[in-house]
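For the sequence shown, the numbering used here assigns the number 197 to the initial residue and increments by one for each residue that follows.
Report on one structure; see the data block that follows.
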Amino acid sequence: MRRALALAERGRTTVSPNPLVGCVVARNGQIVGEGFHARAGGPHAEVVALRAASDRAAGATAYVTLEPCAHHGRTPPCAQALVAAGVTRVVAATMDPDPVAAGGADALRSAGVRVDLGCCEEEARQQNEIFFHGLATGRPFVVVKAAVSLDGRIAAADGTSRWLTGEQTRQRAHHLRAAADAVIVGSQTVLDDDPALTVRLPGYDGTPPLRVVLDRRRRVGGALQVLDDAAPTLLHRGDLTELLTALWDRKVRSALVEGGASVVAAFLRAGLADRVVLHIAPVLLGARGRPLVTGDWPATLGEAPRLRLHDVEQVGDDAVLTLAPSPMPRAARAADPAAPATGGAAPARDPAAPAADRCAPGVD
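Spelled out as structure tokens, the structure:
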């Protein structure tokens, strides 16, 4: 299953709006076929793996990171393909919470195939958190990314910020862009920096993310890079909730917010940030430097929003912190019914799945 998870990751920059899925077909303890879902509309991971296995799939076990689909969409049902290939056992990491595609486990069992679920479930759910989040909330998964100094400044007093972090960290930022369906910035960032907001990575062949500029005052125009034909651009003049609804309707399932300070603050205050990634440079810019967030914030420490540390990584001389906003206090949600809670519902467990030894090799 860990090999299947590694295969699924290969679709990170290309598979949206579909989920990441990897599949390994094994027989007599040997891998005879493997594959991953690369693009929406393309063959699913199970089909790719079965093609590689050919007639060796008969009597084999298929390890797949998401319950095989049971519906006719742009591709035939994977459950049907597994049965036709003669696979006798399917091990799936998670159930598919999508009501359109779900039902594969039942279809397989009805055909006499043994189905076990829950192997590496937490890893699989984490890998597909964007997919699960979207089904639970009906809006894109939002990552807020910022490069800051040790004292929390995004630019020096004169406005300069190039380059605050090192080359390795900036490359990492491009990987975040490559994995997003949209990149969001404010109009002031566009006017100050004239960013291209494109992915500049060697060998990148994914679909360029939609460039979104928050431009309520209609200030963006002219010969700016964000208006060239390197990638599509949306100038948004409504509020953030309207924006996320519009992006969802355009099949945007993940969005990367890159600033500036007022935009970062707006997403955090609205409870619309699902992840915060801080690239911290070993430099001090002082009180006159430009802060990470602006606007009205709680005056007391007890009321200040807190984030939960998710991961810490050293990249060159910089530190990268990945954080998750804590759920909004219940009292605050009651006072503001429109305020969204963070996180999404966990995918349903399969009551028919054996409770023990879901990852056991069994008899291939």
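Just so it is clear, CB atoms sit at the ideal spot from N, CA and C, and this is done for glycine as well.
Residue i versus residue j - alpha carbon distance
i	j	result
threonine 361	leucine 505	21 Å
aspartate 445	arginine 270	19 Å
proline 273	leucine 372	32 Å
alanine 200	valine 283	17 Å
valine 508	glycine 417	39 Å
phenylalanine 191	proline 521	It is not possible to answer for residue 191, since the shown part of the chain is limited to 197 through 560.
alanine 332	histidine 240	23 Å
threonine 385	valine 408	12 Å
phenylalanine 232	arginine 366	28 Å
cysteine 219	threonine 210	17 Å
glycine 467	proline 501	10 Å
arginine 433	arginine 412	4 Å
proline 336	tryptophan 493	25 Å
phenylalanine 327	proline 213	8 Å
glycine 485	valine 311	58 Å
Nearest-angstrom Cβ-Cβ length linking residue i and residue j, presumed shorter than 8 Å
i	j	result
alanine 374	glycine 402	6 Å
alanine 275	leucine 313	About 13 Å; that fails the 8 Å criterion.
CB contact flag (residue i, residue j, <8 Å)
i	j	result
leucine 517	isoleucine 476	yes
alanine 451	isoleucine 350	no
proline 478	leucine 387	no
arginine 286	valine 217	The residue asked about is misnamed: residue 286 is valine in this sequence, not arginine. No, Cβ-Cβ distance for valine 286 and valine 217 is not below 8 Å.
leucine 279	leucine 246	The sequence shown places valine at residue 279, rather than the leucine named in the question. Contact: no.
valine 338	aspartate 251	no
glycine 382	glycine 455	yes
alanine 378	leucine 397	no
methionine 291	glutamate 325	no
glutamate 242	alanine 277	yes
valine 228	alanine 249	yes
aspartate 474	valine 344	According to the sequence displayed, residue 474 carries leucine and not aspartate. Yes, Cβ-Cβ distance for leucine 474 and valine 344 is below 8 Å.
leucine 488	leucine 503	no
alanine 376	glutamine 421	no
alanine 204	glutamine 323	yes
Residue from the options whose Cα sits closest to the Cα of residue i
i	options	result
serine 458	Phe327, Leu410, Ala254, Arg415	Leu410
alanine 320	Arg198, Val453, Leu397	Arg198
alanine 256	Val472, Glu230, Ala266	Glu230
threonine 429	Leu443, Arg358, Ala483, Asp435	Leu443
glycine 330	Asp294, Cys315, Ser357, Val311	Asp294
aspartate 514	Pro215, Ala202, Arg335, Ala342	Ala342
cysteine 265	Arg223, Asn224, Pro215, Gln226	Pro215
Beta-bridge pairing of residue i - partner residues as DSSP gives them
i	result
arginine 321	Answer is none; arginine 321 lacks a bridge partner.
threonine 429	Arg407
lysine 341	Val473
glycine 382	Leu410
glutamine 142	With the chain represented from 197 up to 560, any question about residue 142 goes unanswered, as that position is not in the structure.
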